[in-house]
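**Q** Heads up, the sequence shown is in full-length UniProt numbering, so the first residue is 1 and it goes up one at a time.
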Amino acid sequence: MTDVVVVESPAKAKTINKYLGNGYTVLASFGHVRDLPPKDGSVRPDENFAMDWQTDERGAKQMATIAKALKGAKHLYLATDPDREGEAISWHVRAVLQDKNLLRGIEVQRVTFNEITKSAILAAMKKPRELDQPLIEAYLARRALDYLVGFTLSPVLWRKLPGSRSAGRVQSVALRLICEREAEIEVFKPREYWTVTGDFTTPGNSNFTARLTHFDGRKLDQFDLHDEAGAHAARDAVSRGQFTVRSVERRKVKRNPPPPFTTSTLQQEASRKLGMSAQTTMRAAQQLYEGVDIGGETVGLITYMRTDGVQMAGEAISGIRQHIGGSFGEQYVPEKPRLYSTKAKNAQEAHEAVRPTDVGREPRDIARHLSSEQQRLYELIWKRSVASQMQSAELDQVIVELADDSGKLVLRATGSIISFDGFLKLYIEGRDDAKGEDDEGRVLPKMQEGDRLKNLGALAEQHFTQPPPRYSEASLVKRMEEIGIGRPSTYASILSVLRDRNYVRLESRRFMPEDRGRLVTAFLTSFFERYVDTDFTANLEEQLDDISGGRADWHDVMAAFWRDFSFAVSQTKDLKISDVIDALDKDLGDHFFPLPEDGSDPRQCTACGTGRLGLRLGKFGAFIGCSNYPTCQFTRRLVAEDEGGAETLKDGLKVLGQDPETGQDITVRRGPYGLYIQQGEADPENKKIKPKRTTIPKGIEGDKLTLDQARGLLSLPRLVGLHPETGEPIEAGLGRFGPYVKMGAIYGTLDADDDVLTVGLNRAVDSLAKKLASIRNLGPHLKDAEPVMVRKGRFGPYLQHGQVIANLPKGQDMNDVTLQEAVALLAEKGKALKPKGKTTRKAAPKSAKNAEGPAKAARAPKKTGAVAKTRTTTRKKASPESA
């Protein structure tokens, strides 16, 4: 029998199996095979933080497949991703198999590889190791922490601050950063200042500009020229002066290339240069890592994308240096290889940097095989990796000082030219908000000391200081990394949760806190200040790193945290709503009641004229109400629920352009359920012929929708590709409840952040995996070639052939039934499904209750009967998401 290798995704499994050959069976776990049940008591602090684990349907099916493959095998290789989560998945797989006594006589070993290439896979298989217990314990501690914070703090929020969603250990700290930045902007008072520049001509008749740095013999600070009168006096003095070149300083400056990407720098640069969100970046990077079909062969294009290391393998550096010499010339190859070191404290997680697996695969050569997102991200990674090993850029910098005859007026001109472009020939790093413009590229005319200059006049310009910029995804990730909260694999999910909970919104690619988010932050900083403190959270991250490095015991870390945290929560049991309102009003009063320009009282009730407006908490959240209630019924909502782009539509219609094939107008329109796209107009003479229409998915704003996007949405569904195991075509489309992928009669839902126009094959396969776990295609029926399916229903597995269904005998596993047995059972016990839309009060057969197919199942169930009861229970036990 063959040995078994377990990886995380089916795309990787197929590629790796091809590399290893017939002596191995490579299977996918599809990520985690079990998790903590989303209910109270799954982590028990009183029992030394014992945890209950639960395997879902998909995990159970995958484990059954792995168990079946292990029969007769001598080795089980756990080859999940090379990070903490990957180590945890391997640990879960081993634990499930051990609990079922399926590992007797089987040697279990762990293998890791940083890239999916044949050489890397074969090298990893020669160096197996044991599971890393400290890394597993760090995972257990992190998972327990996030669970306990979420399930302990979120219920307090729900009780004391109605309308809030959830709180998380890192999520809440990131939200605080965004809210505090907004508060800084609101209280910011701009200061006026002026600058004075003079225009001059050299003896060689070349013009240039210089800025005033000394006035009346005194060096000018930023705010020394703070008003028009002072600025004009300085301007007039410069205009009248006779100036000479006092000094010319020339120096050569070297600029070194940036290191190759880590997870966080990749997310930052993709945001700055490509406009891609952290989640989109990581999804595209995952696809590039797992492999892309190039000429009939699946090839992993980049190394593992979750890393905080900047070092590269020696053979990769050697290959890049050879490529630089061949493509750019030997002058671009530094004398020695550039070696970068990581600042990460946890060496076990400091893997190799994100780089191309083969530098010879230039972006232009493989662009046709990639989606737009994949192509742009691969080009960014390729260029950064190659540039990191290129020669430094050399700049000639010139600083010229001018002085008048008295020496009391001094002006300065700076400029630089690139004398050797070095790595800048290939790659220029994106700018942060904090960086100003430099003088690179500004060439000053030739001058020397003592040159007499012709004065062409001076200019005084007014400026005002600017508030600190709101966080972009790039700058927020950078800030979180600087203060040490979160880790490479968590940044994207943290930002996603904040948006999903409507705590923040992205406006012009900047985070704006919603009032709901500001209320949550104000509540947490008032009553749980320590647990949303950046220093405390960063210190806790360091303790988790100590656990993974074997320097701390995870039970001790958890016990210390839980002792203080549970006490802080217990202190809020007797917290009155009036105390909460007072705390929120103190923190956010100036935000909700800004002082009007006329100086009137912002809290005076506009309805009754005598009452005072203040924050109130109701059943559905916070609002503003009058102190004269119930006499005065005035209220004002805090959180507005607006449709993006609504204000840009005139008369409910916006024309995007014409379809090039038909010449018909493509328009964005407003309907009773929101915005939608339409091509052409209805035919008044033939009402049966309707124009093409489609909804606008979440994440696309109506006012920013382009003609190409609209045409793409109208053309859905589109072919994504062929399933790597079954060979069946997979389509992506938009349904009543959002984007989906479809393979035959099997549907899988996509996240709101998934772009249905560009979603790739790997993401589609993952989405379908859960559905496939509950369905088996036994093959075509002998009578009509229509497939015979085994489906998992609410009351057990059943068979379906067309509109005929039959229950499996009690106790028979759906994975064991054969086509012949199924055909016989359908012939003997088959019952016809009732036609849709003709239901009666008479109960349907139990086996038919879940036999209406994936398309029906995708629709939201009606809130009746058992379903409504289940939903009520679920709401009470809602699972808070914590990052």
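Glycine included, C-beta positions come from ideal geometry on N, C-alpha and C.
#1: By the three-class DSSP mapping on this structure, what secondary structure does K650 have?
#2: Tell me whether M558 sits in a helix, a strand or coil according to DSSP, three-state version.
#3: Tell me whether S341 sits in a helix, a strand or coil according to DSSP, three-state version.
#4: Below 8 angstroms between beta carbons: does that hold for V5 and A79?
#5: Just to confirm the assignment, what range does the beta strand (DSSP E) spanning N207 have?
#6: Based on the DSSP secondary-structure assignment, which residues constitute the bridge partners of Y193?
#7: With 16 other CB atoms within 10 Å as the buried threshold, where does I689 fall?
#8: Can the beta-carbon of P259 be found less than 8 angstroms from the beta-carbon of Y378?
#9: Would you mind giving the Cβ-Cβ distance between A773 and V720, rounded to the nearest angstrom? I have them listed as a contact below 8 angstroms.
#10: Hey, would you say the C-beta of K383 is under 7 angstroms away from at least one heavy atom of the ligand FAD?
#11: May I have the straight-line CA-CA distance separating P854 from V26, to the nearest angstrom?
#12: Where do the N-terminal and C-terminal ends of the beta strand (DSSP E) with C626 fall, by residue?
#13: By Cβ distance below 7 angstroms, which residues in the same chain neighbour R501 in space, the five residues on each side in sequence not counted?
#14: Whole angstroms are fine: how far does the CA of V569 sit from the CA of A524?
#15: Hey, out of D236, A124, D99, whose CA is closest to Q109's CA?
#16: When we look at the beta-carbon of A822 and count the other beta-carbons within 10 Å, is it buried (16 or more) or exposed?
#17: Distance check for L826 and M745, CA to CA, integer angstroms please.
#18: At which residues does the beta strand (DSSP E) containing P259 begin and terminate?
#19: Could you check how far apart the C-beta atoms of E352 and A403 are, in whole angstroms? I think they sit under 8 angstroms.
#20: Can you tell me whether DSSP reads residue 884 as helix, strand or coil?
#21: Work out the CA separation of P155 and R859 for me, nearest whole Å.
#22: Quick one: is H226 buried, meaning 16 or more other Cβ sit within 10 Å of its Cβ, or exposed?
#23: Helix, strand or coil: which one does DSSP assign to A413?
#24: At 3 residues or longer, what runs of the beta strand (DSSP E) sit wholly inside the segment 79 to 144?
#25: Is DSSP giving M312 helix, strand or coil here?
#26: Smallest Cα separation from F17: which of R218, T298, L131, T726?
#27: So, do the segment 263 to 270 and the segment 464 to 478 have three or more beta carbon pairs nearer to each other than 8 angstroms?
#28: Going by DSSP in three states, N346 sits in which element: helix, strand or coil?
#29: Are the beta-carbon atoms of P356 and S385 separated by less than 8 angstroms?
#30: For a test of the three-state rule: what should DSSP assign to residue 884, helix, strand or coil?
#31: In the DSSP assignment, find the alpha helix (DSSP H) that holds M63 and state where it starts and stops.
#32: Return helix, strand or coil for A434, following the three-state DSSP convention.
#33: Taking the alpha carbon of A67 as the point to measure from, which residue in L97, G309, R510, S489 has its own alpha carbon closest?
#34: Indicate the three-state DSSP secondary structure (helix, strand or coil) for E473 in the structure shown.
#35: Going by beta-carbon coordinates alone, are Y147 and L36 separated by less than 8 angstroms?
#36: Ordered along the chain, which non-local residues of its own chain (more than five positions away) have a Cβ less than 7 angstroms from that of R84?
**A** So, from the listed chains and residues:
#1: With a pLDDT of only 49 at K650, under the threshold of 50, the placement of this residue in the model should not be trusted; the figure read from the coordinates follows. Three-state DSSP puts K650 in a strand.
#2: helix
#3: Shown here, S341 sits in coil according to DSSP, grouped into three states, outside any helix or strand.
#4: yes
#5: That run of the beta strand (DSSP E) goes 207 to 215.
#6: H463
#7: With fewer than 16 Cβ atoms within 10 Å of its Cβ, I689 is classed as exposed.
#8: no
#9: Actually they do not touch by this definition, with Cβ atoms about 20 angstroms apart.
#10: Only the bare structure without any ligand can be found here, which leaves the ligand FAD out of the picture.
#11: The predicted position of P854 is uncertain, since its pLDDT is 38 and thus under 50; a value taken from the coordinates is nonetheless stated next. So the alpha carbons of these two residues sit roughly 29 angstroms apart.
#12: Its beta strand (DSSP E) spans residues 621 to 626.
#13: Hits under 7 angstroms: R165, S166.
#14: Residue identity differs from the one stated: residue 524 is Leu in this sequence, not Ala. Roughly 11 angstroms between the two C-alpha positions.
#15: A124
#16: Residue burial annotation: A822 is buried, with at least 16 other C-beta atoms found within 10 angstroms of its C-beta.
#17: The sequence given here has Ala at residue 745, not Met. When rounded, the distance between both Cα atoms is 20 angstroms.
#18: Premise fails: P259 is in no beta strand (DSSP E) and is neither H nor E.
#19: That pair is no contact at about 55 angstroms.
#20: This structure leaves residue 884 out entirely; the chain is present only between 1 and 883.
#21: With a pLDDT of 39 at R859, under the threshold of 50, the predicted position of this residue should be treated as unreliable, and no value is reported.
#22: exposed
#23: strand
#24: 107 to 110
#25: coil
#26: For the sequence presented, residue 17 should be read as Asn rather than Phe. Cα-wise, what sits closest to N17 is T298.
#27: yes
#28: Low per-residue confidence applies at N346: pLDDT is 42, beneath 50, and the placement is therefore not dependable enough to give any value.
#29: yes
#30: With the chain represented from 1 up to 883, any question about residue 884 goes unanswered, as that position is not in the structure.
#31: 57 to 69
#32: Because A434 carries a pLDDT of 41, less than 50, the predicted location of this residue cannot be relied on, and the following value inherits that uncertainty. Note: A434 maps to coil in three-state DSSP.
#33: Looking at the Cα atoms, L97 is the closest of the given residues.
#34: helix
#35: yes
#36: These residues qualify, in order along the chain: L135, A138, Y139, E349, S548.
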